[in-house]
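Below you'll find the structure, written out as structure tokens, and then a few comments.
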Amino acid sequence: MSRFVSADEADYASLQEQLLHRSGNDDGADQMRASVSGPVDSRSSSASLRSTRASSSQAASATASPSLVLTESSPLLHGTGMDSRSSAMHHASLTSQEVPVMRKLGTWDGVFMPVTLNVLGIILFLRFGFILGQAGLIGALALLIGSYAIDTLTVLSLNAISTNGQVRGGGAYYLISRSLGPEFGGSIGLVFFFGQAFNTAMNTLGCVEILVNAFGESRGYMTFMPEGSPFLYLYGTITLWLCTFVCLFGSSLFARATLMLAIILSLAILSIPLSSFLVEPFEDSVRSVYYSGWNWITLAENMWPNFTSGAAGSSAVPGKENWRSVFGVLFPAVCGILAGSSMSGDLRKPSKSIPKGTNWALIFTFGIYALCFVVLAATVPRESFYMNVMIVEAISRWPSIVLMGELASCVFSALMGVMGCAKILQAIARDDLLPFLAPFAQGTAHADVPTYAVLFTALLCQFVLLLDSINLIAQLVTMTTLLTFGVLSAATCALKAGGAPSFRPSFRYWNIWTAGAGTIASLGTMLVTDSYTASVCIAVTVLLFILIQVFSPPKPWGDVSHNVTYHFVRKYLLRLDERKGHVKYWRPQILLLANDPRKEWNLIIFCNSLKKGALYILGHVLQGQFYDCLPELRQTHLEWLKLVDVSGVKGFVDVVIARDVREGARNLILSCGLGGMRPNIIVLGFPTALQRASEHHRGPVARVRPSEPPSVWSTYTQPIDGAKFVGILEDALALNKALAVAYGFDAMDLPGPSKVARYEPALGEQYIDLWPIQMANHVRDEAPSWDTYTMVLQLGTILSFTGTWRQHKLRVNVFVEHDDEMASERLRVRTLLDNLRIPASLRVFCLSGHVPRYDAIVLGKRALDSELTEVLQDDPWWRQVCDMRRREELQKQMKHKAEPIDAGARRHSLSLSSVDGRRRARQSRQLGVSLPEEHLAYHYNNIRLGLSHPDAHDRQDDDADYASFQLDADNTYDELESELASLAVDWDPAYLIRARRAKQQQRDTQSDGMYGVSYGTLSSSQRTVTPATVHTQDARPRRGTEVRSPHTSPRSVPEAASLMPAVARGGRALTFNDLPNHAQYLILNELIRRYSTRSTSVVLTALPAPAPGTSTSERDSLAYLHQLQSLYSGGPPVLGVHATTLTMTMTL
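What follows is the structure, encoded as structure tokens:
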């Protein structure tokens, strides 16, 4: 019994370590191995964690923070952006060296400064005048408020994520990928990577524009720089690669100069409001600078929008500027809000520093931007905004400081853009999301500098420089940033909507409405600003999403899609009431009872195609005691899951433990599924030991033929015996489930679904043959059962729509007994298929004269083939048929020899003509005297009772002789009784009647059996229902024609004995519907083999179900399985189906 213990500080520390490591960084295989190997001793684990607490803490710190200190500068990523496993692999070579512990940062230096410096960028110095000139003060402030509204909503979501758990280095990519999963995180991360590359190119062009304006040949202080597009591109290339080399080789020097750059930028911004008070009004027509100082008239002129074309700073696109183009230029000035989250790996308390620092940075930068707009609008006339983009520098009291601030901002952002983009790419590559990104996971041994990623980023920026337009590049930055903001808000909205219990952010000012508003605002602004570019960005994101989903291995991150999926599945599963189902929405929900996947591989793949978007469950039974099988249960379940992953089938796995396979299968049928998602078809493979090996390959041809299914199975599986197999069939029928038994699927070669495996185009026509045979129902006076008939049609149609089988043509095959019935049968079935919208060709076959076995068994016109002779030679029913036909032949011969006599003699002669001559002679010799027929009947009954001639006790006639006599003597019973009643013999005239009736009642009782019910046998399709009669009806168990005791073999005598006298007394010829099961199966087997040739890939037909109680006898079970074998063997793969309800309808 468990006992309680107290916890100390080390125990709490170990708990924290476990909670951190359980956050999803452990490899999925390790978790699987842990689940298989079993629990570890808690005391030893706790002691180990206590002893390694300090070292693991240092390792975690070193993992989260790189040696490269690009602190306040990174626009997106500062940490490595990889999970602990990848980081541990990278630092494995450094275990012998001392890893320095990084200084942890606070709110001011870790969040506020990086966000402020990334927001206050080049747009402030180069494009604020352009924005004011086009939109006016009111418009500029409105656009600024809208931009910051989007920023604020996104920051609220960012704060919610950062206060919900331990945030590690990785910035926006880490937040999105660990929240929404690798597909969303990787695709948005790559889009944001491109956005930051565009931002880097924009800052590089800004730096070039500042240099040319300052030192160009036609303007500036010193005219030594040539101008023109080639020279501008050259200057941009030099600036970009200088920044790249600094990132590769001089990062430590730059990191130490970060504070100096921040001071210069701050002084340049501070000089703007100060200059408005210190500089006197002036005009400079050469540079088109007009400065009025603080003036109400100037403020009123700059108050309202006035869009123009061709102004300084305008894009090269013809036409006037508009709100959308101006917003696209302004928004990059406010998109640096994620810099604080990228510093999460270096913060002492990320969950507190990120919300506080980011919020204060937003307020501070908004105030600076609004102040700059007001100062410029009140002091500079609008003409200067149209003519000079360097108006901020031109009106400054200290232009050199502004110039240095502009250059510092551009170089600073370009440097951080190159390194930030490289870190994003390195993080995505180390997460192994796309195989072709693997080389970019490289990092230097000293500072983990992503050399390859830096070079790739520089090359990408080099191509972007060809656009040669700050405004155009700014539009691209706006689109990618808005897309990232929208997805980040959507992540938190999905977490809240999914109701994840672990999502409990401590940030109080966020809720699902702010997250939804942020998502709508970001994505809506994208489409409004530039719908074409937004569409391209979304299309690229979708493409990357698909690529990552296809190529990325599973990640144990616990993404939000699982949470949202669970929420909606539970919600709509409650609405999917199984009592409200309708036949027109019926679909096959399959439970495949699989024993050995190595032998049933083709059936597993086939059922995956047959389900057509419905439920598919692979069920397996472990036989044994519960606790003895628990370790094997875990291992077997993992192997089945691995099989599902490898094969590509879309199904679930359910493994149970039971004492025997029948009990386990019953438990699976009862417990599988949930609500309306429960199996309605139970599929089993025919026992392998009883199957005949297929001679020819059938089905789709694989492009690469595998030698065997994937070898992921190590558990030994014992074959199922016949009685238990039949018992599973009986249990499924008792639970009102449809049945399907697969035979001969070893002839197929299905390496996997069409989306996973590739198949060769068929060289010739390939077919799916449907043989919908009607199930007879003679026990009760009801209409025939059409459940199985319609299910065969439905399953075949569904199969022909799936990918692997789509190239196959569908054929429906029916048969009649006589030629004169073919036309009417074709018309009825064709009408039925048209009304049921089944795109299939129709073939109608005639049994008489075209199927040798039918001619031999039913008509007696042919000799039996060798196989049929071997099967029927010991069958009592067949012996009776042969005896009856011999007697009929003798009757015909005697009829030709008979002479005309009087009416009384003719009647007596007719009664004698039906008796075998040799048998009468034997009977006469037995009695010692020749007697009339009436007396012979009397003494024959005495002989049967042992009351007559003494020699009769030792000479008993067989049942066939007595049955023959009874067939002939029925017509003379009335006369015989009247004559014997007049004799002076103590004999009851009603005895013969009582004996006859008692004998017949005994036969009927033996034939009906103890249970008196079967699930149906086969009959000829001469009574095809008209289309108007196929309608929806309630599911109910069907009773069939074949009625026998559960203790009687399907080949036993009572079945035959109950059949032949009825046929003879009825005076009609033998028909297909009168045949016992075995004879029907032999005829149908030849019919299917004859007309479903090598071009047929698979056959779907009816499954004759066993009578209840057949499984209680091993002999009866084997007899039933041998009869199924005689029906299905020798031809293409066969799926026998038995239904309990209609599955098709013609109603709307």
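At position 266 of the sequence shown the residue is numbered 266 (full-length UniProt numbering), and the sequence of numbers has no breaks. From the three backbone atoms N, C-alpha and C, an ideal C-beta is built for every residue, glycine too.
Where does D645 land, buried or exposed, given buried means 16+ other C-beta within 10 angstroms?
Numbered from 1 along the sequence shown, position 645 holds the residue referred to as residue 645. The residue in question, D645, is exposed, as its Cβ has fewer than 16 Cβ neighbours within 10 Å.
Backbone CA spacing between R698 and Y1120 [nearest angstrom]:
The residue labelled residue 698 in the question sits at position 698 within the sequence shown. The residue labelled residue 1120 in the question sits at position 1120 within the sequence shown. Approximately 26 Å between the Cα atoms of the pair.
Under the assumption that G139 contacts L376 (Cβ atoms under 8 Å), give the Cβ distance between them as a whole number of angstroms.
To locate residue 139, count along the sequence shown from 1; it is residue 139. To locate residue 376, count along the sequence shown from 1; it is residue 376. Under the criterion of beta carbons closer than 8 Å, G139 and L376 do not qualify as touching, at roughly 13 Å.
Beta-carbon within less than 7 Å of S489's beta-carbon, same chain only, minus the 5 sequence neighbours each way: which residues are those?
Start at 1 with the first residue of the sequence shown, and residue 489 comes out as number 489. Excluding sequence neighbours, S489 sits near L153, T154, S157, A515, G518, T519, S522.
G417 versus L459, S469, G405, residue with shortest Cα-Cα distance:
In the sequence shown, counting from the first residue as 1, residue 417 sits at position 417. Residue L459 is the option with its Cα nearest to G417.
A333 burial status per 10 Å Cβ neighbour count (16 or more: buried):
In the sequence shown, the residue the question calls residue 333 occupies position 333. Looking at its Cβ environment, which holds 16 or more other Cβ atoms inside 10 Å, A333 is buried.
Any 3 or more C-beta pairs closer than 8 Å across the segment 376-390 and the segment 278-291:
yes
Measure the CB-CB distance between I798 and K612 and report whether it falls below 9 Å.
In the sequence shown, the residue the question calls residue 798 occupies position 798. In the sequence shown, the residue the question calls residue 612 occupies position 612. Less than 9 Å divides the Cβ of I798 from the Cβ of K612.
Pairwise C-alpha distance: A214 and T379:
Taking the first residue of the sequence shown as 1, we reach residue 379 at position 379. Taking the first residue of the sequence shown as 1, we reach residue 214 at position 214. Each residue's Cα considered, the two are about 23 Å apart.
Do G685 and K599 have their CB atoms nearer than 9 Å?
Translated into positions along the sequence shown, residue 685 becomes position 685. Translated into positions along the sequence shown, residue 599 becomes position 599. In this structure, the beta-carbon distance from G685 to K599 falls below 9 Å.
What's the C-alpha gap between C410 and V392?
Working through the sequence shown from its first residue, we reach residue 410 at position 410. Working through the sequence shown from its first residue, we reach residue 392 at position 392. Looking at the two C-alpha atoms, the distance is approximately 15 Å.
With distances taken between CB atoms, is the gap from P435 to F551 smaller than 9 Å?
For this step, residue 435 is matched to residue 435 along the sequence shown. For this step, residue 551 is matched to residue 551 along the sequence shown. Against a cut-off of 9 Å, the Cβ pair of F551 and P435 comes out as a contact.
Hey, how far is the Cα of Y509 from the Cα of T484?
Counting from 1 along the sequence shown, the entry for residue 509 is found at position 509. Counting from 1 along the sequence shown, the entry for residue 484 is found at position 484. About 21 Å.
Strictly by DSSP, which residues pair up with H620?
Reading the sequence shown from its first residue, position 620 is the one you call residue 620. DSSP output for H620 lists V655 as bridge partner(s).
Could you check what DSSP says for N813 in three-state terms: helix, strand or coil?
Mapped onto the sequence shown, residue 813 falls at position 813. If DSSP states are grouped into helix, strand and coil, N813 belongs with the strands.
Would a C-beta distance cut-off of 9 Å place G651 and Y627 closer than the cut-off?
Here residue 651 is taken as the residue at index 651 of the sequence shown, counted from 1. Here residue 627 is taken as the residue at index 627 of the sequence shown, counted from 1. It is not a contact, given that the beta carbons lie outside the stated cut-off.
Rounded to the nearest angstrom, what separates L618 and L668 at their Cα positions?
Looking up residue 618 in the sequence shown gives position 618. Looking up residue 668 in the sequence shown gives position 668. Cα to Cα, L618 sits roughly 10 Å from L668.
Report the rounded CA-to-CA distance for D916 versus W878, giving the unit in angstroms.
The residue you call residue 916 lines up with position 916 of the sequence shown. The residue you call residue 878 lines up with position 878 of the sequence shown. Summary for D916: the model assigns pLDDT 49, below 50, so the residue's position carries little reliability; its value from the coordinates is reported in the next sentence. Approximately 19 Å, taken between the alpha carbons.
Cβ of P226 within 9 Å of Cβ of E217?
For the purposes of this step, residue 226 is taken as residue 226 along the sequence shown, with counting starting at 1. For the purposes of this step, residue 217 is taken as residue 217 along the sequence shown, with counting starting at 1. Going by C-beta atoms, P226 is nearer than 9 Å to E217.
Where do the N-terminal and C-terminal ends of the alpha helix (DSSP H) with residue 1168 fall, by residue?
Nothing can be reported for residue 1168, as the shown portion of the chain is limited to 1 through 1148.
Among W323, P381, G328, nearest to N302 - alpha-carbon criterion:
In the sequence shown, the residue the question calls residue 302 occupies position 302. When each option's Cα is compared against that of N302, the closest is P381.
I need the boundaries of the alpha helix (DSSP H) containing S671, first residue and last residue.
Reading the sequence shown from its first residue, position 671 is the one you call residue 671. Run containing S671: 661-671, per the alpha helix (DSSP H) assignment.
Where does the unbroken beta strand (DSSP E) through F845 begin, and where does it stop?
The count along the sequence shown starts at 1 and reaches residue 845 at position 845. Unbroken beta strand (DSSP E) run through F845: 841-846.
Going by beta carbon distance, what residues of the same chain come within less than 8 Å of K496, once the five residues before and after it are set aside?
Working through the sequence shown from its first residue, we reach residue 496 at position 496. Within the same chain, K496 has close Cβ partners F503, N511, I512, A515.
Taking buried to mean at least 16 other C-beta atoms within 10 Å of its own C-beta, is L750 buried or exposed?
The sequence position of residue 750 within the sequence shown is 750, counting from 1. L750 should be labelled buried.
State the CB to CB distance for the pair A445 and L425, rounded to an integer number of angstroms; the pair is presumed to be in contact (CB under 8 Å).
Against the sequence shown, residue 445 aligns to sequence position 445. Against the sequence shown, residue 425 aligns to sequence position 425. Wrong, their Cβ atoms sit about 19 Å apart, outside the cutoff.
Let me check understanding here. Comparing Cα to Cα, which of N736, C335, S396 lies closest to F125?
Looking up residue 125 in the sequence shown gives position 125. Cα-wise, what sits closest to F125 is S396.
Buried versus exposed call for residue 1157 [16 or more other C-beta atoms within 10 Å across all chains shown]:
No answer is possible for residue 1157: it lies beyond the span of the chain, which begins at 1 and ends at 1148.
Give the C-beta separation of W771 and T1143 to the nearest angstrom, bearing in mind that I take them to be a contact with Cβ-Cβ under 8 Å.
Locating residue 771 in the sequence shown gives position 771, counting from the first residue. Locating residue 1143 in the sequence shown gives position 1143, counting from the first residue. Cβ atoms of W771 and T1143 stay farther apart than 8 Å, at about 17 Å.
For G165 and S177, believed in contact at Cβ under 8 Å, the rounded distance:
For the purposes of this step, residue 177 is taken as residue 177 along the sequence shown, with counting starting at 1. For the purposes of this step, residue 165 is taken as residue 165 along the sequence shown, with counting starting at 1. About 14 Å separates the two Cβ atoms, so there is no contact after all.
Answer with buried or exposed for C882, where buried requires no fewer than 16 other C-beta atoms within 10 angstroms of its C-beta.
As a working mapping, residue 882 is identified with position 882 in the sequence shown. Looking at its Cβ environment, which holds fewer than 16 other Cβ atoms inside 10 Å, C882 is exposed.
Quick one: using the 10 Å Cβ neighbour count with 16 as the cut-off for buried, is A135 buried or exposed?
One-based indexing of the sequence shown puts residue 135 at position 135. The residue is buried, with at least 16 neighbouring Cβ atoms inside 10 Å.
L94 to F245, Cα distance in whole Å?
Translated into the one-based positions of the sequence shown, residue 94 becomes position 94. Translated into the one-based positions of the sequence shown, residue 245 becomes position 245. Confidence in L94 is poor, its pLDDT being 38 and thus under 50, which makes the residue's placement unreliable; the coordinate value appears in the next sentence. Between L94 and F245, the C-alpha separation is close to 25 Å.
Going by beta carbon distance, what residues of the same chain come within less than 8 Å of P679, once the five residues before and after it are set aside?
Stepping through the sequence shown from its first residue, residue 679 is reached at position 679. Hits under 8 Å: Q589, I590, L591, L615, I617, I669, C672, G673, K737.
Leaving out five residues before and five after V464 in sequence, what residues of the same chain have Cβ atoms less than 7 Å from its Cβ?
Taking the first residue of the sequence shown as 1, we reach residue 464 at position 464. Only A197, F198, A201, I473 meet the Cβ criterion.
Could you give the residue range of the alpha helix (DSSP H) that holds S157?
Here residue 157 is taken as the residue at index 157 of the sequence shown, counted from 1. It spans 128-162 - the alpha helix (DSSP H) in which S157 sits, taken as one unbroken run.
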